[in-house]
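Residue numbers (this note's numbering), protein chains in the order written: chain H, 2 to 233; chain W, 2 to 233. Positions of the beta carbon are idealized from the N, C-alpha and C atoms, including for glycine. To start, the structure itself, in structure tokens.
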DNA sequence: ACTATTTTCTTTTTCGAAAATCTTTCTACT
DNA sequence: AGTAGAAAGATTTTCGAAAAAGAAAATAGT
């Protein structure tokens, strides 16, 4: 239960200049999604400032935003902690996400132009590069996978004109991602199907087959959530 | 276009001790919703610290959260400004809110207990006290009305077990509220019907008539939004 | 032995000064 | 004149020290 200092998950360039400004929010969010900080963990400033190498104020700002997004909870004078997880919540989030995503993909398919298509292909390619890797190597680059997976699904619905619909589905996606992560340790065979599913979803979108795309996505998501719920 | 320093909207108790800690977020949100800071207005720290009597860091924290909620936008090194408004966005927000609220009210009606009922009656009473006032006096207490109106609609769906559904509808409600505010200056006669509508909604909820309640709410909201859109 | 109070220690919260950034104004040159 | 570049000014962003608040330990009293 002690929150020992863990090494940062995402150090994009361990080069000379660590860039080091305020993508702290992104890094922190990624770390929570990746379950590096487990649910209910207290997020102490003393540890955090060292970990992310930023000042207290900057941290606080990021934490505040994450509380708006639902990743952390904040109590009066007791600081921040990672939000708890529960099977009920996963179920609810899954339903909301699917509702949003299906509507969004329909909109995107009607409004998407060539840039939209090109971007999907590009982003899918990046994702497939990792997914094609042998299990071990893929696991090593899991945080990259998380990012590319997000980008892929986002690209699919990017052409959706409803900005709030897009925004709401993104909030739900991030939440789902946190739950999805528990399946990271699932045995090798189970995740393999995802590779094909992503390609099918892309194909359906490019073929402008809204019904198919919506169905595929629903299956894709429900399957993942059901698997996650067993491991919870 | 100069953002002159305006007097704070919500000084709950102009007493000796202004309480003055970190409900800044609430005050700021209220002020934006109440259109005291108009859309596109730049929110400068120099002004803000004086206005709310808090430090820069505290302000920044509040602003960050408001950006998550969609009330302000933040650009790289250029600071914060109040999010723009548009008829399209109002339409979209209205649709989302109605979808959420109808589902939430159904859930609430199925799950609500006696406490839920009692709270609705109490909160409605508080609202009606202001709504029964003559036009002039009511306008004076408009910020109170905003709060009580929010509380009323929240009470109706409070028994909804889906916490995310509740949360999402609340986000949309706040957004709607901002648009709703432009109707503040509408001529006297138009708003009168709201009084009855609220009572009808309460009655339907207490009578456990989910279909009726959902319909009434939809009409209630659509009507307000349509009116707002004309004044935009 | 048990509870209440005080003391000490830890952690959060607030704040404003200093650094970094962006904007505007001024100057020099073609 | 017109434009590029430099200097000055304004604003944001970052940071850590000091104040406030909370938790734990120690002491005293019943």
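Asked                                                                                                                                                                                                       : Found
Across the stretch 33-42 of chain H and the stretch 174-185 of chain H, are there enough close Cβ pairs to call them in contact, namely three or more that are closer than 8 angstroms?                     : yes
Go ahead and label residue 95 of chain H buried or exposed: buried means 16 or more other beta carbons lie within 10 angstroms of its beta carbon, across all protein chains shown.                         : buried
If you draw a straight line from the C-alpha of residue 86 of chain H to the C-alpha of residue 194 of chain W, how long is it?                                                                             : 44 angstroms
Kindly list the residues whose CB is nearer than 6 angstroms to the CB of residue 81 of chain H, restricted to its own chain and excluding five residues on each side of it in sequence; keep chain order.  : 44, 64, 73 and 75
Quick check on residue 22 of chain H: does DSSP put it in helix, strand or coil?                                                                                                                            : Since pLDDT at residue 22 of chain H reaches only 45, below the 50 mark, its modelled position is unreliable, and no value is offered.
Can you give the Cα-Cα distance for residue 223 of chain W and residue 202 of chain W, rounded to whole angstroms?                                                                                          : 14 angstroms
Given that residue 34 of chain W touches chain H, what residues does it touch there, using C-beta distances under 7 angstroms?                                                                              : Near residue 34 of chain W there are no residues of chain H at all, since even the closest Cβ is about 16 angstroms away, more than 7 angstroms.
Answer with buried or exposed for residue 163 of chain W, where buried requires no fewer than 16 other C-beta atoms within 10 angstroms of its C-beta.                                                      : buried
Give a yes or no on whether the minimum CB-CB distance between residue 1 of chain H and chain W is below 8 angstroms.                                                                                       : Missing from the structure shown is residue 1 of chain H; chain H here goes from 2 to 233 and no further.
By the 10 Å Cβ neighbour count, where 16 or more other Cβ atoms means buried, how is residue 215 of chain W classified, buried or exposed?                                                                  : buried
Would you identify the three-state DSSP class for residue 76 of chain H, choosing helix, strand or coil?                                                                                                    : strand
Nearest-angstrom Cα distance between residue 91 of chain W and residue 62 of chain H?                                                                                                                       : 29 angstroms
Please tell me whether, using a cut-off of 7 angstroms, the distance from the CB of residue 225 of chain W to the nearest non-hydrogen atom of the ligand FAD is below it.                                  : The ligand FAD is absent from the structure shown, which contains no ligand whatsoever.
Counting contacts by CB-CB distance shorter than 8 angstroms, is residue 169 of chain H in contact with chain W?                                                                                            : yes
Taking residue 70 of chain W as the query, report the chain H residues whose CB atoms sit under 7 angstroms from its CB, ordered along the chain.                                                           : 69
According to DSSP, what are the bridge partners of residue 82 of chain W?                                                                                                                                   : W/43 and W/74
Do the stretch 97-108 of chain W and the stretch 151-167 of chain W touch if we need at least three Cβ pairs shorter than 8 angstroms?                                                                      : yes
From this set, H/69, H/130, H/197 and H/131, which residue's C-alpha is nearest residue 172 of chain W's C-alpha?                                                                                           : H/69
By alpha-carbon positions, which one of W/99, W/121, W/77 and W/84 ends up nearest to residue 207 of chain W?                                                                                               : W/121
Inspect the beta-carbon positions of residue 151 of chain W and residue 174 of chain W and report whether they are closer than 8 angstroms.                                                                 : yes
Is the CB of residue 65 of chain H under 8 angstroms away from at least one CB in chain W?                                                                                                                  : yes
Within the 8 angstroms Cβ cut-off, does residue 94 of chain W reach chain H?                                                                                                                                : yes
Can you give me the Cβ contacts of residue 230 of chain W inside the same chain, cut-off strictly under 7 angstroms, excluding the 5 residues immediately before and after it?                              : 88 and 91
Give me the Cβ distance between residue 124 of chain W and residue 101 of chain W, rounded to the nearest whole Å; I'm assuming they're in contact under 8 angstroms.                                       : No, residue 124 of chain W and residue 101 of chain W are not in contact; Cβ-Cβ is about 19 angstroms, not under 8 angstroms.
Identify each residue in the stretch 128-142 of chain H for which the Cβ-Cβ distance to at least one residue of chain W is less than 9 angstroms, and report them in chain order.                           : none
Where does residue 59 of chain W land, buried or exposed, given buried means 16+ other C-beta within 10 angstroms?                                                                                          : buried
Which residues, in chain order, does the stretch 33-61 of chain W contribute to contact with chain H at a C-beta distance below 7 angstroms?                                                                : 58 and 61
Taking beta-carbon pairs under 8 angstroms, can you tell me which members of the stretch 76-100 of chain H lie near chain W?                                                                                : 90, 93, 94 and 97
Kindly list the residues whose CB is nearer than 8 angstroms to the CB of residue 200 of chain H, restricted to its own chain and excluding five residues on each side of it in sequence; keep chain order. : 125 and 129
In whole angstroms, what separates the C-alpha of residue 53 of chain H from that of residue 25 of chain H?                                                                                                 : 7 angstroms
Express the C-alpha separation of residue 28 of chain W and residue 46 of chain W in angstroms, rounding to a whole number.                                                                                 : 15 angstroms
Does the beta-carbon of residue 132 of chain H have 16 or more other beta-carbons within 10 angstroms, so that it is buried, or is it exposed?                                                              : buried
Under a Cβ-count criterion, where at least 16 other Cβ atoms within 10 Å of its own Cβ denotes burial, should residue 56 of chain H be classed as buried or exposed?                                        : exposed
Using 8 angstroms for Cβ pairs, my map puts residue 204 of chain W next to residue 157 of chain W. What's the rounded Cβ distance?                                                                          : Not really, about 11 angstroms apart at Cβ, beyond 8 angstroms.
Assuming the contact rule is C-beta atoms closer than 8 angstroms, residue 217 of chain W and residue 198 of chain W should be a hit. Round their C-beta distance to whole Å, please.                       : 7 angstroms
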